[in-house]
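In this note's numbering, the protein residues as written are 57 to 179.
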């Protein structure tokens, strides 16, 4: 592994990619009852590698066995979970997925690895 070699770019030459939609969290406002509501930018198509998380990893990662998780690899910066901010979301098929974790190699190698959870049907 050579830093700056852009391993994902090399891998994308050999593995299939698919197009999903990215919804970037752009801010939060309080509604009339004081609950925080996240606002998202317009959905944008992105090319990614989209893979289900192996069931063996659920226990290793401490994931809820009743939920569905996927890993996304892509060549773009993403906002994960941060204090006081909402994470980005993705639409794949008819399902909405929220970012749970980001391994950010973007500054070094130009890609990120994202763990997402299925949060229900997309509107």
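Even glycine gets a Cβ: it sits at the ideal position worked out from N, Cα and C.
- In the three-state reduction of the DSSP assignment, residue 115 falls in the helix class.
- When Cβ pairs closer than 8 Å are counted between the two stretches, the region 126–139 is seen to touch the region 163–173, the count reaching three or more.
- Following the DSSP letters along the chain, one finds residue 177 inside the beta strand (DSSP E) bounded by residues 168–177.
- For residue 137, the closest alpha carbon among the candidates 90, 107, 154 is that of 154.
- DSSP places residue 165 in the helix class (H, G or I) of the three-state scheme.
- Judged by DSSP in its simplified three-state form, residue 160 adopts strand.
- Residue 159 and residue 90 have their C-alpha atoms spaced approximately 33 Å apart.
- Note on the region 118–148: whole beta strand (DSSP E) runs with a minimum of 3 residues are 125–130, 145–148, in chain order.
- Inclusion of residue 82 and residue 102 in the CB contact set at 8 Å is not warranted, their separation being larger than that value.
- Excluding five sequence positions before and after residue 85, the CB atoms of its chain that fall closer than 8 Å to its own CB belong to 92, 93, 95, given in chain order.
- Measuring C-alpha to C-alpha distances from residue 99 to each of 173, 108, 147 identifies 147 as the nearest.
- For residue 95, the enclosing beta strand (DSSP E) begins and ends at 92–96.
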